[in-house]
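In the order they appear, the protein sequences are chains A and B. Going by my numbering, 354 is the number at position 354 of the first sequence; the sequence numbering is gapless. Going by my numbering, 437 is the number at position 437 of the second sequence; the sequence numbering is gapless.
Number of protein chains: 2
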Amino acid sequence: MHIYKRMTEKVVIIGGGAAGPKTAAKLKRENPNIIIEMYTDEQNVSYSACGLPYYIENIIPNIEELLVRSPEEFERHGIKVFLRHKAIKIDKRNQMVVFEKLTTGEKLEVYYDILVIATGARPYIPDIENVNDFNNIYTLRKLEDGVLIKNAIKKADTVTLVGCGYIGIELLEAFIKNGLKVNVINNHKYIMAMFDDDISRQIQEYVMKKDGNNINLYNNQYAVRFEGENEKTNKIITNIGEEIESDFTVICAGIVPNSEIAKEAGLKTGVSNSIWVNSHFATSYPKIYAVGDCCEKMHIVTKKHCWLPLGSTANKEGRCAAINIASNNCDFAGVLGAAVSRYFDYTVCMTGITEREAKELGYDVITTTVTKEDRAGYMPEAATITLKIIVDSKSREILGVQGIGTGDAEKRVATVSIAIMNAVKVDEFMGLDLPYAPPFSTAIDPLLNAINIIQEKLDKNIK
Amino acid sequence: MHIYKRMTEKVVIIGGGAAGPKTAAKLKRENPNIIIEMYTDEQNVSYSACGLPYYIENIIPNIEELLVRSPEEFERHGIKVFLRHKAIKIDKRNQMVVFEKLTTGEKLEVYYDILVIATGARPYIPDIENVNDFNNIYTLRKLEDGVLIKNAIKKADTVTLVGCGYIGIELLEAFIKNGLKVNVINNHKYIMAMFDDDISRQIQEYVMKKDGNNINLYNNQYAVRFEGENEKTNKIITNIGEEIESDFTVICAGIVPNSEIAKEAGLKTGVSNSIWVNSHFATSYPKIYAVGDCCEKMHIVTKKHCWLPLGSTANKEGRCAAINIASNNCDFAGVLGAAVSRYFDYTVCMTGITEREAKELGYDVITTTVTKEDRAGYMPEAATITLKIIVDSKSREILGVQGIGTGDAEKRVATVSIAIMNAVKVDEFMGLDLPYAPPFSTAIDPLLNAINIIQEKLDKNIK
Chain A
1 MHIYKRMTEK VVIIGGGAAG PKTAAKLKRE NPNIIIEMYT DEQNVSYSAC GLPYYIENII
61 PNIEELLVRS PEEFERHGIK VFLRHKAIKI DKRNQMVVFE KLTTGEKLEV YYDILVIATG
121 ARPYIPDIEN VNDFNNIYTL RKLEDGVLIK NAIKKADTVT LVGCGYIGIE LLEAFIKNGL
181 KVNVINNHKY IMAMFDDDIS RQIQEYVMKK DGNNINLYNN QYAVRFEGEN EKTNKIITNI
241 GEEIESDFTV ICAGIVPNSE IAKEAGLKTG VSNSIWVNSH FATSYPKIYA VGDCCEKMHI
301 VTKKHCWLPL GSTANKEGRC AAINIASNNC DFAGVLGAAV SRYFDYTVCM TGITEREAKE
361 LGYDVITTTV TKEDRAGYMP EAATITLKII VDSKSREILG VQGIGTGDAE KRVATVSIAI
421 MNAVKVDEFM GLDLPYAPPF STAIDPLLNA INIIQEKLDK NIK
Chain B
1 MHIYKRMTEK VVIIGGGAAG PKTAAKLKRE NPNIIIEMYT DEQNVSYSAC GLPYYIENII
61 PNIEELLVRS PEEFERHGIK VFLRHKAIKI DKRNQMVVFE KLTTGEKLEV YYDILVIATG
121 ARPYIPDIEN VNDFNNIYTL RKLEDGVLIK NAIKKADTVT LVGCGYIGIE LLEAFIKNGL
181 KVNVINNHKY IMAMFDDDIS RQIQEYVMKK DGNNINLYNN QYAVRFEGEN EKTNKIITNI
241 GEEIESDFTV ICAGIVPNSE IAKEAGLKTG VSNSIWVNSH FATSYPKIYA VGDCCEKMHI
301 VTKKHCWLPL GSTANKEGRC AAINIASNNC DFAGVLGAAV SRYFDYTVCM TGITEREAKE
361 LGYDVITTTV TKEDRAGYMP EAATITLKII VDSKSREILG VQGIGTGDAE KRVATVSIAI
421 MNAVKVDEFM GLDLPYAPPF STAIDPLLNA INIIQEKLDK NIK
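Printed below as a string of C-alpha cells:
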C-alpha cells in the first residue's frame with residue numbers, strides 16, 4: 001500500500017455528518033498546511049443525528065443545539081465547506097470527483113490528492129406498495145427529518161412506526177410523551193429484536209406495562225400496502241391483512257450504506273454493500289479512504305467483516321483515518337457493536353455478540369442472566385438491572401453482554417466492552433477491582449456476580 | 001504449601017464483618033459437608049459498614065437495613081455463629097483459638113482444622129492529649145458507632161471532624177444535611193488528600209462553594225489536645241494553637257488492621273502491620289488463612305505489597321479464600337485501590353495510583369486532565385466531569401485515573417479499572433467501543449478524549 005507522507009496536497013472529503021467532519025478536524029490538527037475541502041449534499045455539517053428523537057420529544061427545544069460545529073467554524077480552521085453539493089461520480093484514474101451544485105444544477109469537477117468517502121447511510125425503505133406516493137411517510141436521519149416529524153406530531157393523534165429498533169424505541173418514547181397513540185409494526189417476535197429473545201421480551205413487557213394503553217403492537221408482521229388520498233396515507237395493510245390506521249407513519253426499519261458512488265467507481269464493497277476498507281480505512285483503490293457509516297467494519301469478537309454503523313464509531317474512524325492520512329500509523333481495532341438506548345427510565349444496552357449470534361457462529365456458549373439491584377439496596381436510588389452474559393465455554397472469554405432495567409446497566413456494559421476488547425477470561429474478571437460505595441454499586445457488583453455464576457457453571461460444566 | 005482437600009474438617013472464622021461471612025457462605029456452597037463456625041466480638045454479623053454515613057444522614061431510616069444476613073440465616077445454612085466472642089489468642093501448634101465470651105468473661109478453647117482470620121480493621125486514633133477522657137469523641141466503624149453519632153447529632157449544633165477522607169466527606173454531607181456547623185481539622189493541604197493536589201483542591205472548592213458558610217476548614221494542622229469537663233469535650237487545640245469549639249467530635253483519620261492476635265501468634269506481618277498472605281490468602285503458617293481488611297494486599301499497578309482495605313475487596317477476598325480452602329485454585333490478582341464517594345451530587349473517585357505515587361515510585365509519567373460534559377451537552381441531565389489520567393510514558397500503560405464532578409465520573413473510572421488490570425496501552429484504548437447515546441455519553445466519550453490527548457502528548461513527547 002502506498003503511504004502518503006507529503007501533505008501539502010489536497011484532501012477532498014465527501015460527507016459532512018460525523019466521520020467526515022471528524023476526519024477534517026483531526027487532519028487539520030495533524031497537519032495545518034494540508035488543504036481540506038469538505039462537500040455535503042445537506043444544508044448542515046457536523047450535527048448530532050442521535051439527538052433527533054429528543055428534539056422531537058421536546059427535551060431539546062431548538063434544533064440548532066444539535067449542531068456540533070458550523071461551516072463557519074470549519075472555515076475558520078482552514079477547512080473549506082461546500083454545502084448542497086452532491087457527489088455524483090468518482091473518476092478514480094484522474095483523481096476527480098464530479099459534484100452537482102444542488103442549488104443551480106451546475107456540475108463541478110474537483111481534483112483530489114486524497115479522497116475520503118464519508119457518505120454515511122440512509123434509511124432503508126422496505127418494498128411496501130405506494131410507499132412513495134404519500135407525503136406523510138417519514139424517516140429519521142437528517143435534521144430536516146426531525147423538523148418534519150415534530151411538525152407532523154402537532155396535527156396528529158395517532159402515528160405508526162414501521163420497525164422498532166434503537167431509533168424506533170426512542171421515537172416511541174417521543175410520541176408517547178407527546179400524547180399520541182402509537183401503532184408499531186414489527187416483523188419480529190418482540191420489539192428490539194437485536195437483543196436475544198429473552199431480553200427483548202422483557203423490554204417489550206416493560207414498554208407495554210408502562211404505556212400499553214397507548215400502544216398497539218403488531219408483531220410478527222410487515223406492512224405491504226399504504227392506502228390514502230390527497231397525498232396522505234391513513235391506512236397500512238399488513239401481510240396478514242391487518243388494517244392499521246393513523247395520521248402519519250415513520251419508517252425506522254434500519255439503514256443502508258450510501259456506497260453507490262464508490263461501487264460505480266469500481267471500489268470493492270463488502271457486507272451489506274458497505275465499502276470495503278482495511279484497518280487503516282484505505283479502500284481497495286489507491287488514494288481513496290472511506291470512513292463512518294458507509295464503510296465496512298471488522299468485528300472484534302467474531303474477527304469477521306460486518307456492518308455495524310454507529311455514531312460513536314464514525315467519530316473514532318474519522319480520527320483514525322486522519323492519522324493515517326497524515327502519518328499512516330493508526331490501526332483500528334474494530335467494533336463490538338456497543339450500543340445503548342432507553343425508553344424513559346428503562347435502559348437497554350449491549351456489547352459484543354448475542355447468544356443467538358454466538359450459536360450461529362458455532363460457539364459452544366454458556367450464558368447466565370442475573371437480576372440485581374444496581375447499588376446498595378438500602379439506598380433510595382437503588383434500581384433493578386438485568387445482565388445477560390454470553391461466554392465461550394472453550395476459551396472462557398466473554399463474547400457479549402446485554403443489559404436492561406431502570407438501574408445503571410450501561411456502566412456494566414461499558415466495563416465489559418473493554419474486557420471483550422482485551423479477550424479477558426471470566427477467571428481474570430473475578431478479582432476485578434471496581435469502585436464501590438453504596439450510592440454507586442453493591443459490594444459485589446452485579447456484573448461480578450454474573451461472572452461468578454458463569455465461572456461456577458464453567459467449572460461444573462453446567463449448561 | 002499444604003493443600004487442604006479433605007473437607008469434613010472444621011473451619012473456624014474469626015470475624016463477622018464482610019470477609020468472614022463471605023468466606024463462610026461461599027465455603028458452605030463449595031462444600032456443604034464442611035463444619036463452619038464464625039466468631040465475632042460484635043453483636044451483629046454481615047452488615048454494610050459503608051452504609052453508616054447514609055444512616056446518620058437519615059437517608060436510611062432504620063439501621064436494620066444495613067444488615068446483610070442475620071445470624072439465623074447463617075445458622076439455617078449450617079454455619080454456626082457465635083456473637084460477642086472475642087478471640088484473644090491463637091495457639092497455632094495445637095490448632096486452637098482461645099475466645100472470651102464477652103457476656104460472661106468465660107474462656108473457650110476452640111479447635112480448628114483450618115482457621116480464617118477476618119478480624120478487619122479499627123479506626124486509627126491519633127495521639128491527641130485527653131482523647132480517651134471524654135465520651136463525646138466518636139469514630140465510625142461499627143453499627144453501634146452509627147447509632148451513637150446519630151444520637152449525638154440530635155443534641156448538637158456543631159461538630160468537629162478530625163480527618164477528611166472518604167468517610168470524612170460522607171459524614172460532612174450527613175452533618176451539613178442535618179443542619180450542623182462543621183469544623184474540619186485536616187493535616188493536609190486540601191481535604192481528600194488521597195487524590196493528587198490539583199484534584200483534591202477542586203473537591204475542596206466545590207464543597208466550600210456549596211456549604212462554606214457552615215464549614216470551618218482547618219487545613220495543614222492537627223489536633224493536639226481535647227479540653228472539656230463532665231466527660232464532654234467542647235474544645236480542641238491544634239498544633240498551631242487554634243482553639244476549635246464544638247458539641248462533639250468524630251475522628252476519621254484512617255484505620256489500622258486488627259492484626260495483633262496474628263502477630264502475637266508469630267504470623268508474618270507486612271505493610272502497615274497487616275497480616276501477610278500469599279495470592280491464595282494463606283498466611284505464613286499452615287492451615288491459617290487471613291482475608292479482608294486485616295490482611296496485606298498486592299497492588300496490581302506497582303506489583304508491591306500494600307494495604308488498601310476496602311469493603312468490595314474484602315468480599316472478593318472472602319470468596320477467593322473459600323475457593324482455595326475447598327479446592328485451592330483461586331489466584332487473587334490484587335487490588336487497584338478503586339474507590340468512590342460523593343459529596344451530595346459531586347462524585348469523587350479514583351483507581352490505580354496517583355501522579356504523586358507514580359513519581360515517588362520513579363515512573364516517568366505523562367498526565368492529562370480534561371473537563372467535559374458527561375453526556376451530550378444538549379441533554380438536560382448533562383453534567384460536568386473532570387478526569388485526570390496518569391500514564392507511564394515508557395510502557396504507555398495507564399497507571400491511574402481520578403474522576404470528579406457532578407456528572408458520571410464513576411463509570412469512566414470503572415472502565416479504566418479493567419483496562420489497568422489488563423495493562424492496556426493508551427494506543428489500544430483509542431478504538432475502545434463504548435455504548436453511546438445522547439442520554440448516556442458523548443459521541444467521543446470524555447475518557448477517550450483524555451486518552452487521545454495523552455496519546456498525542458506521548459507521540460509528540462510533550463510533558
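Where a beta carbon is used, it is the ideal one built from N, C-alpha and C, also for glycine.
Query                                                                                                                  : Result
First and last residue of the uninterrupted alpha helix (DSSP H) at B/Leu-434                                          : Element bounds for B/Leu-434: n/a, residue is neither H nor E.
Same chain, Cβ closer than 7 angstroms to A/Ala-121, neighbours up to 5 away in sequence not counted                   : Ile-255, Val-256, Pro-257, Asn-258, Asp-293, Cys-294 and Pro-309
Interface residues of chain A facing B/Arg-375 [CB-CB closer than 8 angstroms]                                         : Residues of chain A passing the Cβ test: none, with the nearest at roughly 11 angstroms.
C-beta neighbour in chain B for A/Ser-200, strict 9 angstroms                                                          : no
Near-chain A residues of the segment 37-61 of chain B - C-beta to any C-beta below 8 angstroms                         : Ser-48, Cys-50, Gly-51, Tyr-54, Ile-59 and Ile-60
Chain A contacts from the segment 206-231 of chain B (Cβ-Cβ distance under 9 angstroms)                                : none
Among A/Pro-53, A/Val-45 and A/Lys-28, nearest to A/Ile-176 - alpha-carbon criterion                                   : A/Pro-53
8 angstroms Cβ shell around B/Lys-89 - same chain, five flanking residues per side excluded                            : Val-97, Val-98, Ile-261, Glu-264 and Ala-265
Three CB pairs or more closer than 8 angstroms across the segment 98-116 of chain B and the segment 228-243 of chain B : no
Secondary structure, alpha helix (DSSP H): runs of 4+ residues fully inside the segment 317-399 of chain B             : 355-360
Short CB-CB distance (under 9 angstroms) between B/Thr-368 and chain A                                                 : no
Unbroken stretches of the alpha helix (DSSP H), 4 residues or longer, contained in the segment 59-90 of chain A        : 71-76
Nearest-angstrom beta carbon gap, B/Val-147 and B/Cys-164 [assumed within contact, 8 angstroms]                        : About 23 angstroms separates the two Cβ atoms, so there is no contact after all.
Beta bridge counterpart(s) of A/Asn-186 as assigned by DSSP                                                            : A/Asn-219
Spatially closest choice to A/Val-370 from A/Asp-133, A/Val-401 and A/Gly-15, by CA coordinates                        : A/Val-401
A/Pro-126 versus A/Ile-353 - alpha carbon distance                                                                     : 26 angstroms
Pair within 9 angstroms by beta-carbon distance, A/Ile-79 and A/Arg-225                                                : no
Selection from B/Leu-217, B/Pro-21 and B/Ser-393 that minimises the alpha carbon distance to B/Arg-69                  : B/Pro-21
Exposed unless 16 or more other CB atoms sit within 10 angstroms - verdict on B/Glu-106                                : exposed
Close Cβ partners of B/Asn-239 (< 7 angstroms) along its chain, the five nearest in sequence each way excluded         : Gln-221, Tyr-222 and Val-224
Exposure label - B/Asp-364; buried when at least 16 CB within 10 Å                                                     : exposed
Best match in A/Ser-395, A/Glu-410 and A/Tyr-289 for proximity to A/Asp-345 [C-alpha to C-alpha]                       : A/Glu-410
B/His-2 in three-state terms, based on DSSP                                                                            : In this prediction, B/His-2 has a pLDDT of 44, which is less than 50 and means its spatial position is unreliable; what the coordinates show is noted afterwards. The answer is coil: DSSP assigns B/His-2 none of H, G, I, E or B.
Contact with chain A by B/Val-391, beta-carbon distance below 9 angstroms                                              : no
Option nearest A/Leu-361 by Cα separation, candidates A/Glu-397, A/Val-159 and A/Lys-304                               : A/Lys-304
Partners in chain A for B/Thr-119, counting only beta-carbon separations shorter than 7 angstroms                      : Ordered by position in chain A, no residue passes the 7 angstroms Cβ test against B/Thr-119, which lies about 18 angstroms from the chain.
Which of helix, strand or coil DSSP assigns to A/Gln-43                                                                : coil
Per-residue DSSP class, three states only, for A/Thr-269                                                               : strand
For A/Ile-366, the nearest candidate out of A/Ala-383, A/Arg-375, A/Lys-372 and A/Lys-388 (CA to CA)                   : A/Lys-388
For B/Arg-93, three-class secondary structure by DSSP                                                                  : coil
Local Cβ density within 10 Å of A/Gln-43, reported as buried at 16 or more and exposed below that                      : exposed
Status (buried if at least 16 other CB within 10 Å, exposed otherwise) for B/Ile-462                                   : exposed
Continuous alpha helix (DSSP H) assignments of at least 4 residues falling wholly in the segment 234-303 of chain A    : 260-264
A/Asp-91 burial status per 10 Å Cβ neighbour count (16 or more: buried)                                                : exposed
Coil, strand or helix - B/Gly-165 by DSSP                                                                              : coil
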